[in-house]
Amino acid sequence: MSDRPPEFGKNHRDTVDTALEALSHARRFQLLQSLREENPQEGVIASVTNSVESSRDLESAQIEMYHLHLPKLEKAGYIEWEQEYDQVSKGPEFDRIEELLGRVDGNRNDSLVFR
């Protein structure tokens, strides 16, 4: 990882806002982090929602993933989502968020960063 901030291009503010929004929810962060380690990911919904305790919470988490988190990440270009195969892979803009993701992950013990 370099000491330079990630390159965000012409629409710097919009792109930074999009990146921070993508990382602002623990499930999106977990999904993006798992893509850094292994690309593509199969069984995405199960892997990201496996910490849910009750069946009602699991159903709610799955609905959130399908209708909120995955579409948001796909729209930003960070992922490509094959719904029929429950498979997610790095999208064309993943490299824009990867360094930021690594920096956030490297500072997870910082009290200002979510857990």
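Numbering (full-length UniProt numbering), first residue to last: 1 to 115. The beta-carbon is built from N, C-alpha and C at its ideal position, and this holds for glycine as well.
Please identify the residue among the options whose C-alpha is closest to the C-alpha of residue i.
i	options	result
residue 154	101, 62, 96	The first residue shown for the chain is 1 and the last is 115, placing residue 154 beyond what the model contains.
residue 77	55, 88, 84	88
residue 84	26, 42, 49, 17	42
Please report the distance separating the alpha-carbon of residue i from that of residue j.
i	j	result
residue 30	residue 93	17 Å
residue 22	residue 95	13 Å
residue 103	residue 79	19 Å
residue 14	residue 20	10 Å
What I want to know is whether the C-beta of residue i ends up closer than 7 Å to one or more non-hydrogen atoms of the ligand ADP.
i	result
residue 90	Although the ligand ADP was asked about, the structure shown includes no ligands whatsoever.
According to DSSP, what are the bridge partners of residue i?
i	result
residue 127	In this structure the chain extends from 1 to 115, so residue 127 is not present and cannot be described.
residue 42	87
Does DSSP classify residue i as helix, strand or coil?
i	result
residue 98	helix
residue 74	helix
Residue i: buried (16+ other C-beta within 10 angstroms of its C-beta) or exposed?
i	result
residue 90	buried
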